[in-house]
Each structure stands twice: as structure tokens, then as C-alpha cells.
Amino acid sequence: MIAKLARRQLFSQLRRSDWRALLISIFLMTSLITLLSLTGDRLQKSVAQRSADFLGADMVLSSSRPLADTWQQDAQKLGLQSAPVIQFASMTEAGDAMLLASIRAVTPPYPLRGEITLQEAAATTLPELGNIWAEPNVLSRLGIEVGDTLQIGYSTFTVSHVITASPDRGSGFRSFNPQIIMRSEDLAATGVIAPGSRAQYRLLLAGDADALATFKAESQTQLQSWQRLYEASGDQPTTRNAIGNAGQYLRLSALFALLLGAFAIYLSMRRFAADQQQRTALLLSLGLPRAKLLPLFSWQLVLGWLLAAIPGTFIGLGLHQLMMLTLADLLPKPLPAVDLFALFSSAALAGAVLMLAGLTTLLPLGKASILSLFNPNSDSTFAQNKRLYWILPPGLFLLMVLFVESVVLAALLSVTLLLAGWLAGWVVQRLIHHACSLLKGRLRLMPLLTLRIRQQRQWHRVQGGVLVLLLTLMTVLFFARQDLLQQWQSQLPADTPNRFVINIQPWEKDGVTEWLAEQQIDSQLYPMIRGRITSINGVDKDDAFTPTQLEHNTLNRELNLTFTDAIPAHNTLEAGAWSDAKESISVEQSMATDLGLQLGDTLGFQVGSETFTGRITSIRGVEWASFRPNFYVIFSPGVIDALPATYITSFRLDSSQQGVSKTLLSDFPTLTVIDIEQLLAQAQELISKLSDSASMIMVLTLLSGLVLIITIVQQDLVKRRFEVALLRTMGATERQTRQLDMLEYCMIGCASGLVACFISEGLLALIYQQLLKITPQWHPLLWLCVPAIAVLLLTITGRLVRKPLPLPTSYTLLKSGS
Amino acid sequence: MTETTPYALEANLLAKTFATQTEPLTLFENLSLTIEQGESVAIIGQSGAGKSTLLSLLAGLDEPTDGSIRLLGEDINHLDDEARSRWRATHLSFIFQSFHLLPELTAQENVQLPLEIRGDRDAAERARTLLTQVGLKERCHHYPSQLSGGEQQRVAIARAFVTAPHILFADEPTGNLDTKTGEKIIHQLFDMNATHQTTLILITHDPALAARCSRQYRLEQGKLLEVLPQQEVATHDC
Ligand SMILES: Nc1ncnc2c1ncn2[C@@H]1O[C@H](COP(=O)(O)OP(=O)(O)OP(=O)(O)O)[C@@H](O)[C@H]1O
Ligand SMILES: [Mg+2]
């Protein structure tokens, strides 16, 4: 009986704006959070992905230097299967087209776990000698087809199959490049890999768990700093990675969505409950037992939740798939499967918020008094239980903690958002107030508007806060993207190099220098030697530096060292002086600052098994975005000259010189020429794809924000209707009352827009300086558009919500004496 | 037209019919009424007789199905919304059963409101004068929630008179008050009426209030009958 009554209430109340707003809030909240958390979850997992099928093995030993054969022998002794892989970036050519590809040289059996899927089935598990398998974009970018040939280094290969998916694609940027698989037997002939070449050497391992554990235990002591052992087990959260960060960002957006949604649900719930007061009293007077009230409303809420959350989940899932399709090229393949838990967690979340909001607003209805039926004027004595309200914030906070899986993050974020929102709302309200006193006496409606502004100030604060946060979020995202793209297109000086040449072997050095001179290209070759910093002033680095300092780029990995006989022309001398004395070094400024290095300090280095020291005699300023070879540490000649090195250079080619890099490659096939313009174009594509996806999120966030604003506007609608009715009988025209509302919305819009502009400019400046390292600039367009958009947004919502009040209705409202 | 002052209200052959789901509901037909300026007229009748509806027609807030109304010689149903609103702001005022003060405004601001709709400059000063007249000088800056029901209705009376209206419409002004307070309010109302030379048209269930008016009408089964003083005793049960 209760379920039936609840079902009837559910549908009959669909005509009520508060109940509708509640359902829409739940719907939007679930779809938005489903989209965000599914996408975030899958991105993060794809980065942290360590499943055997993804790694192509149960365990992987990875190294930036060639691996000794003893590793493989050890594995064999333990009864493990093993397969060595070398992955490197190299130029490939076909006809006039060139492409930087990520190449894996593999030995059967490969892969040990998972499988390589091809467009057309192959007879063998790996390419035959002299053949390669390539991903579709290798073929499309080079303009070739299956059966055609392409050039890698000195060798020519036939493309025999197209790869649709493969395990062991490598990590990080390596996995973004189009991939090629070749046989390791063919590698030597290409001449691409030489001592000092950049490559990743991996040993794939598979076998039973005990043997793997033994291998792991035994290897622990032998692992060098450039070697890592990965296991195909649990997801390790990876930070410090673009995709990982994106995943994090999505979770944060989801949290914002959660807050917006929770607020909207709470507000519509509150209005709903207030209006249920009479209905409840009536049901009670008709003989409904008090104990049945809670089941009745719970049923109605559960049914409403189902009605809204299920479509929400599916829409969210659909949008998520759409987004994954947009980003397909950028993501590692195969993607981890959709996590069912993540899929349904947002619906559950919405349910939890609904329960929380419902509890605080509906429970007091149990105390509704039948007496209220006899005194219709008592709507102000709406039974409220103040104590229940205290459940809401901690409850919501608990949900947030569960959602982001971190107390600190949840606390930080909610405090920041609430504080920022509250502050922004306060400023907006003050602005409106001031604007009002400025306009006083200039506008006929002004006295009325002043009254309105005063009476609505609480809601103005809330509306202002929400609106400012929303606008700021969108503005920052939009302009950061816009500026970033523009910056890359316009800010580089005309003579900025657009070609990098790396992997120049020592024996090719003179040839390349000669070739450059022949082509009248003004460029210098820099040797590159990979080494580590081991100590400062004789103290081991682990003892001398703080944990944060140890995370610095120059300490946590091998860095490239070079030697020259003067400070490079494109660097600036910031302190000290260049010294030719043996064991003098020049360090880069930010490194010196971050690590607290002083002139005269001595750094200890290790290259291979060799150790040596260098005394800091100068500190250099380096423009990292200059597209010239840049180094943290430069030695004076005489210390590291004899160590194995490869050379690097960069230069500029005009569009008329396109053929030049082609001739360079035909003379020196193993060089890697990186076309920076092409790289930038790729990066731009990446950014615009990412920001397209971000826009999708933004639109949904905006929608939930709008629903929230509508709910806020609706909060006082009944009161407003009374007010308008009263004004009408006093002789205000319909036009006047409409203008009054519109003026009010304009003022909130303008004020919120301005505050949002202000905050956005600040944030943008901060982002530019701190993150993107570009000069901040003003955005006149922003100051024009954002307030305009805010005004438009509010007046449209206002119009949607506000229904004209005919004169007879006005009177009916007032005479009925409620 | 002659030089004589026009009637405050001239209603001619009024009819009002509501369209409902089943059959049209006719409240009254061929209803005529003439009220001179400065008169006070009470309309009594059973609940549901259509008193409030009649009042809204007489005040030009709703349109009759048939017939015509002239207020101060003007046929306001022929004016557009804009002009009618302006006309209303200058000539008419209302008092309601449930006061309808805006809770966020002080007593004085509530009284100021109609002046501000018209765009008058000396709103604050006039509002204070009127509040003094109803004996609430000390309560100017109090909010409605800080005032008793009777005091709230006095603020509403001050608000009604602040524009110096020609005609004041009141729909059960004492309906929400106890008898004693009601009497005080009635006193106040007629006091103000005398001071301001306003035409008063009110609906009431209160015989004491009706008796103070210069004329009484009873609305019954679509007819408006004048109640003569001797009849009044027989019908004071309503
Ligand atoms: N818009 C409408 N549509 C249909 N019927 C209406 C409408 N407005 C009023 N009525 C009907 O007209 C009748 C008269 O209503 P009205 O409010 O004028 O009565 P009243 O005499 O003022 O009663 P009370 O003394 O209870 O205030 C009622 O039966 C009411 O249901
Ligand atoms: Mg009535």
C-alpha cells in the first residue's frame, strides 16, 4: 500500500518544480560523475597498468644500458622463460617521407604473456627476418601500404603486417610514438644502436610464482640505479606523469561536481520537504500511521533515485566512451576494462547524498502536526530539527573522502572551494550593494531594487559564490588552452632551431660537422655523456640533500653532461666566471638555486664505473624552451673527454630546405633527426584533443551549475510571487516587476562576472609564470565576455523559472489569506 | 459631462462567469452599484458568494464577463496594463486579511513601498507621518516579525493611505484579528478615512464593522441587495 502511494506521489509530483529539480540534479550528478570517475579511473589505471597481458610478461627487468647476459642465464637456471627486448626511437623513411617511430627489436618467444593482434592473421608469431610489423599510423604517415618497404638506419625492411594491439609498448612518451616490431637479429645491420645511443633494454620474464620471487630476491642486491624491476601485479599508483595527472584532475573535477550536485540536491530537497508539510499533515489527519511516513518518503526517494540515476549512469558511460574515442590515439593500448565498481559508484554516491539530504529534511516531517491544517498561516513554523543539520556536512565530507580516497585531499579541496566560494559570494554581494548605492536616484526602479537586493542578500551570496567558481573554472581552462596554443605558434623567435639531431656517434662527428659547414648551417655539436651526481663536497648526496631536493631532475636520474671550452652563446653568465682549469664546472641557475649550490662547491660524478669531481666556477642562465642543446652541468675540457659520448646538435631549416635533412640521413642513416615543428604540431593536436574532452566535462559541469542556480532561484519563488502580487496591486506594471527581476539578475551576473574575471586573471598569471613559464598577459576579451555570459546565463535561467503573474491571479494569491 | 464631481464608482450590469471543467460557474449577472466619493460601503455575504471576486472586478484587477465599471468617471478596463497600473498607483489602495507586509522590510520601508513604485521623492518622510498617524511612530524601524497582528495591520493601513488614494478596497481587514484588536483597527480605519476623505469599499463578516459604514450590501445568489438598518438585526448570524 505504501509502495503504491509512493509510486503515485512520484509521478503526480513530477509536475512540481522542486521534485523535478531534484531528479534533474541527481541525473546530472550521476552522469557527470560517472563520466569523470570512469575516465579518471581508466586513465590512471592505464598508466599504472601492470597486468601481465599489458607488460607481455610476469616480470620485466628494464634498463637504460645494455643488460649483461648473466641476467638471462640466472633466469634460465630458475626455470623462467625469458625474452630480451630493445626499444628505441629512430627515423624511418619511405620515399620522401620520414617519421620518428618507436621500434622494438625482439627475439622469440615474444611476448611471453598476452598476444600481438594483427589486422590479418600471420603464419608466424613474430615478423620474419627482413620484415617488420607496424602500427597503422606508421603506414599512413609514411604513405605506404602492406608489402611496401621502409628504411631504418642502413637497412631496408618490408612491412608484412599491421598491428592492431600489442603488449609491452613501453611507458611514457615512448608509447605515444607509432610503433614498429622487428627481429633483434636484424638490429646490428641497421647500425642504429651504438654505445651511448638512447635505448631501453628489457628482459621479459615469465614462469611460476616461486621462481619469480626467487629471481626478485636475488636481483634486489644487483640492481643498478638505471635498472628497474616491474612485476605484473597490483596497480601501483603512478604520479608524475601526464596521463596520471589528467586522471587526478578528472577526480578533482568529479569532486567539484559532487559538491555542486550535493548542494543542488539538498536545496531542492529542502524546498520539497517544506512543501510536503501540509500534505503530510493531511495524510496524518486521514489516518496514515505516523510510523508509515518514513517508509512512504523513503520509497518515493528510492524510486526517484532509480528514475534519475539509471539514465544518468548510462549517459555518463556513453559520454565516457565518446571521450575515449576522441583520445584513442593518445592512450596506451589495450585499455583496462571499465571498472564496474567505478561505473556504479556515482549512482551510489548520488543515492548517499540523497539519503543524507533526505534524512535532514524529511525526518522532521514525522513531527508534522495535524494542527497546522487548521492554521494555514503557520508555514513559517516549519518543523525543523536543527540537530539533524549537523549530520550533513560530516556525512558529505565522509563521502568525499571515500571518493578521492584521501582525507587530506578531500579536506584541502572542500575547504578551498567553500572558502573561495564564500569569499567570492561575499564580494559579489558587496559589489551589488555598492552598485546600488551608486545608482541610487538615477533609475526609477532603484528604490525597489535596493529593497530587493537587501532582502535577497543571503541568496545573492550563494548564487554569487557558485557562479564565480563556475565561471572561473571555465575561463581559466579556456584561456590557458588558447594562450598556450598561440604562444607556441607566435612566440618563438624567427631563428629558433627547428631540427634536433641526436645519436651522432663519435666516428660520425667530423663527417656531420663537415656536412653542416657544406650546407652553410651554423651549428655546434655537443658531446653528451650520461652520468649521475653522487656527492657534494665529499658528502654522499643522500645525506647532503633533503628528500625534496633528492627528487630534483638532476638527482633522481642520470643527467646529460657535456664539455665545451666556453659558455654556449645561447646561455647567459649569472655568477662566477668560466674557467678552463681542469675539473671546473658550470651549473645551471635553477639547479643551483633548488639544490642550494654555491660557487666553489665540489660535486662528485659517476659515469659507468668511473668517478670524478668538478668544482663550480660559474652559474649559467638557460632558456630551456630555446630548442638548442641545453645542459645542467658543463665541464671544462680535460675531465670527461675520453668517456663514451654521442653528439647532439640543433639548427634551423627554412621551408625551402626541406630536402636537406633527407640528404643528411642518406649520408648518415643512423642519426635521429627530430622535426620540432612536427613535434609541436603533434603536441598541439594532443592539447586540443585533451581540451576538447575537457570542454565536454565543462559543459556538463556548467549544466549542473545551472541546475544549482535554478534551484537557488526557485528557493524563494513562492515568496517572490507574493511580493510581485503585492507590488502589482500597488500599481506596479508587469513590465516593472519583470524589469526588477531582470535588473537583479543583471547585477548578480555582472558582479559575479567581474569577480570571476579578477580571480581568473590572477590564476592565469600564476599558471603562466609557475607552470608554463611564459609571460602573463591581460585578456581584454575575458573582461568583456565573462560578465556578459554571466548576465545572459542568469537572465535566461530567471526567465525560465519566472512565470508572468496576471493581475487577477495576483489578487487571488493575496486574498486567499495564506 | 456636467461640472459635478464624478461618482467614485459606477458599476453597470456586471456579470462574472468562470469557465470550469464541467459547466460554467456564473457568480452574478446584471449587477449594478453606484458609490459616491467619500462614502463607505460594506459588502457582506456568505462564504463563496463571490464577494472577493466582486471586489477584484470593482478595483479593476479582473475583468467582468459583461458590463462596465467606471472609477472616478474613468473606464479603466479600456486602459492598457501600463496605464491601468499607473492609474491604480495614483487612485487606489488595498488592505488584505493577512496584512501582506514584506518580512525583510521594516515598518517604514513597507509603508514607503507604494510611493517608491510611483517614484516619489519624499517617500521616507511621508511614511513616517503616516506611521505616526496610526500610532506606530516608535516602531518605524521594527520588522513585521517584531510586531503583533494588530500592529501589522496598522502598518498595512498606513501603507494603504500613504499614497492619499481616492478609493480604498479592504477584503476582510479584521478577519485575522481578535474582536478587541479588530475594533481598534476599525476605529483606526474610519479615523484615517475621515482625515483623508477616502471612499471606502470593504468586505467583512464582522457586523460591527459593517454597521459603521454609511451603506451595507449583501451579496446573495448573484444579487446585490442593500441592507437597511432594521434588517441588519435579523441577519447578523453570518
Ligand atoms: N478563478 C476561478 N475559477 C473558478 N472558480 C472561481 C475562481 N475564483 C473564484 N471562484 C469561485 O467563485 C466563488 C466565489 O469566490 P470568492 O473568493 O469571491 O468568494 P468570497 O465570497 O470572497 O468567499 P469568502 O467569504 O470565503 O472569502 C467560489 O465558489 C470560488 O470557488
Ligand atoms: Mg473572500
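These protein sequence lines are chains U and W, in that order. So that you can map any letter, position 246 of the first sequence is 246 in the UniProt record's numbering, and since no number is skipped, the others follow by simple counting. So that you can map any letter, position 89 of the second sequence is 89 in the UniProt record's numbering, and since no number is skipped, the others follow by simple counting. Quick reminder that beta carbons are idealized off the backbone N, C-alpha and C, glycines included. Quantities reported herein were computed from a predicted structural model and do not represent experimental measurements.
Burial state of residue i, where buried means 16 or more other Cβ atoms lie within 10 Å
i: LEU573/U; result: exposed
i: THR20/W; result: exposed
i: ARG154/W; result: buried
i: LYS582/U; result: exposed
i: GLN76/U; result: exposed
i: SER609/U; result: exposed
i: LEU225/W; result: exposed
i: LEU168/W; result: buried
i: ARG210/W; result: One detail in the question is off: residue 210/W reads as Ala in this sequence, not Arg. Looking at its Cβ environment, which holds 16 or more other Cβ atoms inside 10 Å, ALA210/W is buried.
i: PRO237/U; result: For PRO237/U, the pLDDT reaches just 40, beneath the cut-off of 50, and the residue's location in the model is therefore unreliable, leaving the point undetermined.
i: ASP495/U; result: exposed
i: TYR110/U; result: buried
i: ASN498/U; result: buried
i: HIS166/W; result: buried
i: ALA123/W; result: buried
i: PRO376/U; result: Residue confidence is low: PRO376/U scores 45 on pLDDT, short of 50, so the model does not pin down where it sits. Its coordinate-derived value is still stated next. It is exposed - the Cβ of PRO376/U has fewer than 16 other Cβ atoms within 10 Å.
i: ILE796/U; result: exposed
i: SER378/U; result: Below a pLDDT of 50, predicted positions are generally treated as unreliable, and SER378/U, at 45, falls in that range; the measurement from the model is reported next regardless. Under this definition SER378/U is an exposed residue.
i: THR775/U; result: exposed
i: ASP41/U; result: buried
i: ILE310/U; result: exposed
i: LYS51/W; result: buried
i: PRO393/U; result: exposed
i: residue 836/U; result: Absent from the structure is residue 836/U, since the part of chain U shown begins at 1 and ends at 818.
beta-carbon residue i near ligand 4 non-hydrogen atom, thresh 7 Å
i: ASP62/W; result: Of the ligands this structure carries, namely ligand 1 and ligand 2, none is ligand 4.
CA nearest to the CA of residue i, picked from the options
i: ASP81/W; options: SER98/W, GLY60/W, MET192/W and ILE69/W; result: GLY60/W
i: GLN224/U; options: ILE453/U, ILE152/U, GLU558/U and LEU525/U; result: GLU558/U
i: LEU784/U; options: ARG799/U, ARG169/U, ALA751/U and MET269/U; result: ALA751/U
i: LEU727/U; options: LYS184/W, ASP178/W, ALA8/W and LEU115/W; result: LEU115/W
i: PRO568/U; options: GLU623/U, GLN519/U and PHE341/U; result: GLU623/U
i: residue 241/W; options: LEU189/W, ASP62/W and PRO173/W; result: Only positions 1 to 238 of chain W appear in the structure, and residue 241/W is not among them; the question remains open.
i: GLN684/U; options: GLN458/U, GLN179/U, GLY130/U and ALA480/U; result: ALA480/U
i: VAL724/U; options: LEU228/W, ARG128/W, LEU200/W and LEU113/W; result: LEU113/W
i: SER64/U; options: ASN137/U, MET91/U and LEU229/U; result: LEU229/U
i: MET696/U; options: SER25/U, ALA6/U and THR39/U; result: THR39/U
i: residue 822/U; options: GLY56/U, ALA134/U and ALA68/U; result: Here chain U covers residues 1 to 818 and nothing more, so residue 822/U does not appear.
i: ILE521/U; options: LEU653/U, GLY464/U and ASP580/U; result: LEU653/U
i: GLY312/U; options: LEU296/U, TRP299/U, PHE344/U and LEU717/U; result: PHE344/U
i: TRP422/U; options: ILE24/U, GLN456/U, ILE391/U and HIS460/U; result: HIS460/U
i: ILE76/W; options: LEU57/W, PHE94/W, THR53/W and VAL111/W; result: LEU57/W
The stretch 434-448 of chain U / the stretch 399-413 of chain U touching (three or more Cβ pairs under 8 Å): Contact between the stretch 434-448 of chain U and the stretch 399-413 of chain U is absent, because fewer than three Cβ pairs lie under 8 Å.
Residue ranges of each beta strand (DSSP E) within the stretch 135-214 of chain W, 3 or longer: Fully enclosed beta strand (DSSP E) runs of 3 or longer: 167-171 and 199-203.
Check your reading: residues with Cβ closer than 5 Å to ligand 1 heavy atoms: Answer in sequence order: PHE18/W, SER47/W, GLY48/W, ALA49/W, GLY50/W, LYS51/W, SER52/W and THR53/W.
Segments assigned beta strand (DSSP E), at least 3 residues, entirely inside the stretch 122-156 of chain U: Runs found: 131-134 and 149-152.
The stretch 148-163 of chain W / the stretch 94-109 of chain W touching (three or more Cβ pairs under 8 Å): Taking a contact to require three or more Cβ pairs closer than 8 Å, the stretch 148-163 of chain W and the stretch 94-109 of chain W qualify as touching.
Segment contact flag, the stretch 188-203 of chain U with the stretch 53-62 of chain U, C-beta cutoff 8 Å, min 3 pairs: Contact between the stretch 188-203 of chain U and the stretch 53-62 of chain U is present, because at least three Cβ pairs lie under 8 Å.
Cβ pair count under 8 Å reaching 3, the stretch 517-530 of chain U against the stretch 644-661 of chain U: Yes, since at least three Cβ pairs between the stretch 517-530 of chain U and the stretch 644-661 of chain U fall closer than 8 Å, the two stretches touch.
Segments of 4+ residues assigned as alpha helix (DSSP H) that fall wholly inside the stretch 679-733 of chain U: Qualifying alpha helix (DSSP H) stretches, in chain order: 717-729.
Minimum length 3: unbroken beta strand (DSSP E) runs contained in the stretch 23-76 of chain U: Taking only runs of at least 3 residues, the beta strand (DSSP E) segments lying wholly in the stretch 23-76 of chain U are 59-63.
Segment contact, 8 Å Cβ cut-off, at least three pairs: the stretch 698-712 of chain U with the stretch 128-148 of chain U: Judged by Cβ distances under 8 Å, the stretch 698-712 of chain U makes no contact with the stretch 128-148 of chain U, as fewer than three pairs qualify.
Length at least 3, wholly inside the stretch 176-204 of chain U: the beta strand (DSSP E) runs in chain order: Segments of the beta strand (DSSP E) lying fully in the stretch 176-204 of chain U: 179-183.
Three-pair Cβ contact test at 8 Å for the stretch 162-172 of chain U versus the stretch 614-621 of chain U: Counting Cβ pairs under 8 Å, fewer than three are found: no touch.
Segment contact flag, the stretch 513-520 of chain U with the stretch 593-602 of chain U, C-beta cutoff 8 Å, min 3 pairs: Short answer: they don't touch.
Entirely enclosed alpha helix (DSSP H) segments - the stretch 449-529 of chain U, minimum 4 residues: Runs of the alpha helix (DSSP H) inside the stretch 449-529 of chain U: 457-490 and 506-518.
Segment contact, 8 Å Cβ cut-off, at least three pairs: the stretch 284-303 of chain U with the stretch 734-745 of chain U: No, the stretch 284-303 of chain U does not touch the stretch 734-745 of chain U.
Cβ contact (3+ pairs, closer than 8 Å) linking the stretch 33-47 of chain W and the stretch 5-13 of chain W: With the cut-off at 8 Å, the stretch 33-47 of chain W and the stretch 5-13 of chain W touch.
Contained beta strand (DSSP E) runs [length at least 3] in the stretch 61-86 of chain W, N- to C-terminal order: You should have 66-71.
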